[in-house]
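See structure below.
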């Protein structure tokens with residue numbers, strides 16, 4: 597992996613944040629299917645990456661406060677576990693328009709990096725099982741591969757078992 601210099605229209609707030617931080621990362625482009633039932637699974641399949649290694653970014657409201665959850669595309673988000681990990685009592689999925697407004701990204705391309713404002717973030721503990729993981733680089737058709745420790749550090753996240761399945 598090398599610090600990729602975004603070029604050719606691949607620059608996003610996520611890639612800009614990774615570049616500014618000086619971390620090593622690799623960008624991966626693929627043809628996004630706008631009709632895909634699961635953007636994350638479609639991305640993993642297009643890139644030939646195991647579903648456990650590509651993480652999707654979801655937004656939930658924990659006690660009314662937007663919270664970012666990052667879980668493998670092979671799993672679903674356990675809302676009770678997220679609420680507990682975020683120090684709350686109850687969690688529910690955020691409305692897509694609220695997620696887009698808060699992050700500055702569109703659904704299917706929401707990155708945990710470079711969001712409009714830093715939100716509390718919890719990454720599933722399974723992230724530490726891999727040398728590198730993939731997350732959205734800020735738009736459909738673009739993934740960023742980076743070390744889990746860099747992902748945790750750049751997002752200011754905690755890790756917990758928030759995925760099931």
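Numbering (our numbering), first residue to last: 597 to 761. Here a beta-carbon is modelled for each residue, glycine too, at the ideal position from N, C-alpha and C. Keep in mind the model is a prediction, meaning the values are calculated, not measured.
Spatial distance of residue i from residue j (CA atoms)
{"i": "residue 647", "j": "residue 741", "result": "14 Å"}
{"i": "residue 692", "j": "residue 701", "result": "10 Å"}
{"i": "residue 748", "j": "residue 731", "result": "12 Å"}
{"i": "residue 637", "j": "residue 651", "result": "9 Å"}
{"i": "residue 670", "j": "residue 683", "result": "25 Å"}
{"i": "residue 756", "j": "residue 679", "result": "11 Å"}
Residue burial classification, residue i (beta-carbon count within 10 angstroms, cutoff 16)
{"i": "residue 668", "result": "buried"}
{"i": "residue 722", "result": "buried"}
{"i": "residue 727", "result": "exposed"}
{"i": "residue 630", "result": "exposed"}
{"i": "residue 761", "result": "exposed"}
{"i": "residue 660", "result": "exposed"}
Boundaries (first-last residue) of the beta strand (DSSP E) holding residue i
{"i": "residue 635", "result": "Here residue 635 belongs to no beta strand (DSSP E); instead the alpha helix (DSSP H) covers 635-643."}
{"i": "residue 750", "result": "That residue, residue 750, is in no beta strand (DSSP E); its alpha helix (DSSP H) goes 744-751."}
{"i": "residue 688", "result": "687-689"}
Enclosing alpha helix (DSSP H) for residue i [first to last residue]
{"i": "residue 669", "result": "Run containing residue 669: none; DSSP gives neither H nor E here."}
{"i": "residue 698", "result": "692-699"}
{"i": "residue 755", "result": "Residue 755 -> not in any alpha helix (DSSP H); beta strand (DSSP E) instead, spanning 754-756."}
Under the three-state DSSP convention, the category residue i falls into
{"i": "residue 659", "result": "coil"}
{"i": "residue 715", "result": "coil"}
{"i": "residue 722", "result": "helix"}
{"i": "residue 728", "result": "coil"}
{"i": "residue 623", "result": "strand"}
{"i": "residue 616", "result": "helix"}
Any 3 or more C-beta pairs closer than 8 Å across the stretch 651-669 and the stretch 688-695: Touching, yes.
Touch test, the stretch 701-714 against the stretch 609-627, Cβ-Cβ under 8 Å, three pairs minimum: Flag = yes, the stretch 701-714 and the stretch 609-627 touch.
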